[in-house]
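A.B. asks:
Protein chains: 2
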Amino acid sequence: MLELAILGLLQEAPMHGYELRKELTAKLGAIRAAISYGSLYPTLRRLQAAGWITEAADAPATAEEVPALTSRRGRVVYKITAEGKERFAQLIAQAGPETYDDTGFGVHFAFFARTDQATRLRILEGRRRTIEERREGLRDVLGRAAERLDAYTLELQRHGLDACEREVRWLEELIANERSGRAPTVPRPGTAGGPRDNNSPPPPGESRNERPS
Amino acid sequence: MLELAILGLLQEAPMHGYELRKELTAKLGAIRAAISYGSLYPTLRRLQAAGWITEAADAPATAEEVPALTSRRGRVVYKITAEGKERFAQLIAQAGPETYDDTGFGVHFAFFARTDQATRLRILEGRRRTIEERREGLRDVLGRAAERLDAYTLELQRHGLDACEREVRWLEELIANERSGRAPTVPRPGTAGGPRDNNSPPPPGESRNERPS
DNA sequence: GTGCGATGTATCGGTCCGATACATCGAGGC
DNA sequence: GCCTCGATGTATCGGACCGATACATCGCAC
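Chains A and B, in that order, give the protein sequences.
Note that the first sequence covers residues 936 to 1148 in this note's numbering.
Note that the second sequence covers residues 936 to 1148 in this note's numbering.
#1: Which one or two residues does DSSP pair with Thr1120 (chain B) in a beta bridge?
#2: When we look at the beta-carbon of Tyr972 (chain A) and count the other beta-carbons within 10 Å, is it buried (16 or more) or exposed?
#3: Using the three-state DSSP reduction, which class does Val1042 (chain B) fall into: helix, strand or coil?
#4: Can you name, in chain order, every residue of its own chain whose Cβ lies under 8 Å from the Cβ of Ala1030 (chain A), other than the five neighbours on each side?
#5: Determine, using beta carbons only, whether Asn1133 (chain B) comes closer than 8 Å to chain A.
#6: Please list, in chain order, the chain A residues whose beta carbon lies closer than 9 Å to that of Glu1021 (chain B).
#7: Assuming Leu945 (chain B) and Ile970 (chain B) are in contact, meaning their beta carbons sit under 8 Å apart, how far apart are those beta carbons, in whole angstroms?
#8: Under three-state DSSP, which class holds Ile1066 (chain B)?
#9: Just curious, the beta strand (DSSP E) that Val1012 (chain B) is in, first and last residue?
#10: Judging by CA-CA distance, which residue of A:Pro1032, A:Pro1119, A:Arg1123, A:Ile1015 is the nearest neighbour of Ala1048 (chain A)?
#11: Rounded to a whole number of angstroms, what is the C-alpha to C-alpha distance between Phe1046 (chain A) and Gly943 (chain A)?
#12: If I measure Cβ to Cβ from Gly1019 (chain B) and keep anything under 6 Å in the same chain, skipping five residues before and after, which residues do I get?
#13: Cutting at 6 Å between CB atoms, please list the residues of its own chain near Val1011 (chain A), excluding the five before and the five after it.
#14: How about Glu1090 (chain B): is its C-beta nearer than 8 Å to some C-beta of chain A?
#15: Rounded to the nearest angstrom, what separates Glu1107 (chain A) and Asp1051 (chain A) at their Cα positions?
#16: What number of angstroms, rounded off, separates the C-alpha of Gly1078 (chain B) from the C-alpha of Glu958 (chain A)?
#17: Would you kindly report the start and end of the unbroken alpha helix (DSSP H) that includes Thr960 (chain B)?
#18: Report the rounded CA-to-CA distance for Glu1021 (chain A) versus Thr1065 (chain A), giving the unit in angstroms.
#19: Can you name the residues of chain B whose CB is closer than 9 Å to the CB of His951 (chain A)?
#20: So Ile941 (chain B) is in the alpha helix (DSSP H); what residue range does that whole segment cover?
#21: Under 7 Å, CB to CB, which of the residues in the region 1042–1076 of chain B have a partner in chain A?
#22: Please list, in chain order, all residues of the same chain as Cys1099 (chain A) whose beta carbon is under 6 Å from its beta carbon, the five residues on each side excluded.
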C-alpha cells in the first residue's frame, strides 16, 4: 500500500522523505494516522533498488558549486522513473481482496483521479461487497449471540453496524455517480458547523476557499 | 492488543486456538476483520512462555485411557493462570496513546465490562480527544488545501470527517451515560430490525432474519 | 549566545498479516 | 461401501508496518 501511495505522490512532483510523509498524511488523513518513518525510509530504499524511483540530490540555491563545506548531506529528493510510472499504472489497475479492506480501499480511492472509470467501478463494488459482508456478520452476532455478550460489546457492535450501513449508502451514491458520469460528490445534509450552509464557513480575515460545490 | 484480547477471552472460559479465533472475531468484529493464525499461535506461545496461560490437553470423551492410537494430537486447550489474570488487570487498567487508536480503543472497549468506571471514563475521554484531533486535521485540509486536491480525495476527506463527527457524538453520549451510571446504550433513531424495541427480540421458532431495512 | 522547536535522515525490535501446508472428521452423494 | 468436500484444527514463514530512538541542522525568540 505504501508503495502505491509513494509512487502516486511522486508522480505529481519530486519530493524528499519528510515532505512525502506530510503529503501522505494530508492525502490519507481520513484513513490512517500518519505514516511512520520506520516504514517510509525502508520502502523508499526498496523502490529505489527496484528502479522505480531515483535519488536526485537537490542542488543548493544557486547553481554555484559550494565546495563540500562540512560535507552537507542535505535532503535527498526522490523522483519517479518511467518504470515507476508503469508500476504505478499496474498497481492501480488491479483489484484483489486487499484492495477492499479499509487501508487498501482508502489508498486506491485517494488516487481515483488517476484510475480509469471501469476500475473505479470495480473497486467501489468490491468494497461495497466487503462492507455488506461485514455488516451481515455484525447483524448475525447482534441477533444470535446478543444474550451471550455484555452491554458494552453490544454497543460496540451496534456502532460498527451503523458505520457499515452508512458506508454502504455512501458507496451506493458514488457508484450511481460513477455510472452517470457525474462528479464524485455525495450530498450531505447538515455538515459540521452551519445549520444550512454547505461548506465550512471560514472565519473572517483569512477567507481562503470559495465554495467548491 | 492481541495479548489483551486473548487474556480477556480466556478469563471467561478455557478454549483452544480455533475457538479463540471465532470468539475473537465475534467480539471484535466491529473493529477488525479476523485475527490471523499467523498472529494467534505465536502469541499463544508467547503468553504460555510468560506463564500467563497454560496448556491443558483436553481429555478424550470418557476418562478411559485411549492408548496413543495414531498418536492423536487433538486440540490444545488453553486456560488462564493467576498471573495471567493479574497481567490482564494491569493491561486493562493502563491507558497510553496506543489505547486511543482505532484497534486499541476497540479492544479496550470490548472489555469495558471488566474495567472499573474511572478507567472507562479516562479511556473514553482520551479517545474523544484523539478523534477530535483527527477531525481538526481533516477540517484543516478541507479548508486550506482544498484547491490542491482532486474531487475524489476531497470526498474521501469529507467522508472521514463525517465519521469523526459521528464518533465524537457517540463518545459524548457514552461519557454522559458513564457519569450518570446509566447503561452504555446510545439512542439510535431507526435501528436495523425493530422500530421501537431496545434489545434484540429473540425470534420465535426459526425465522431468523426479519426484514433488515 | 543559547536553548528550542521544526526540519530532516535513519535503524531496530516487535507485532501482525497472508499464504501455505497438513491432518482429522462427519455428512452426503453415488 | 467408497469417496469427496467443507468444517475443524494446528502450525510456520516472509514481509509490511509501527513505535521508539538516535542524531544533525537551521532559524528564531529570549
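Note that the Cβ used here is the ideal one computed from N, Cα and C, for glycine as well.
Computed from a predicted structure; not experimentally measured.
C.D. replies: Walking through what the data contain:
#1: According to DSSP, which records beta bridges pairwise, Thr1120 (chain B) is partnered with nothing at all.
#2: exposed
#3: helix
#4: His1043, Thr1054, Arg1057, Ile1058, Gly1061
#5: In this predicted model, Asn1133 (chain B) has a pLDDT of only 42, less than 50, meaning its place in the structure is not dependable; the value taken from the coordinates is given anyway. Taking Cβ atoms only, chain A never reaches closer than 8 Å to Asn1133 (chain B), which makes this a no.
#6: Going along chain A, no residue has its Cβ under 9 Å from Glu1021 (chain B), so there is no contact; the nearest lies around 22 Å.
#7: The pair is not a contact, with the Cβ atoms about 14 Å apart (cut-off 8 Å).
#8: helix
#9: 1012–1015
#10: A:Pro1119
#11: 7 Å
#12: Leu942, Trp987, Ile988
#13: His951, Glu990
#14: yes
#15: 19 Å
#16: 15 Å
#17: 952–963
#18: 28 Å
#19: By Cβ distance, chain B contributes nothing, its closest Cβ being about 18 Å from His951 (chain A), past 9 Å.
#20: 937–945
#21: Phe1044, Ala1045, Phe1047, Ala1048, Gly1072, Leu1073, Arg1074, Val1076
#22: Ile1066, Arg1069, Arg1070
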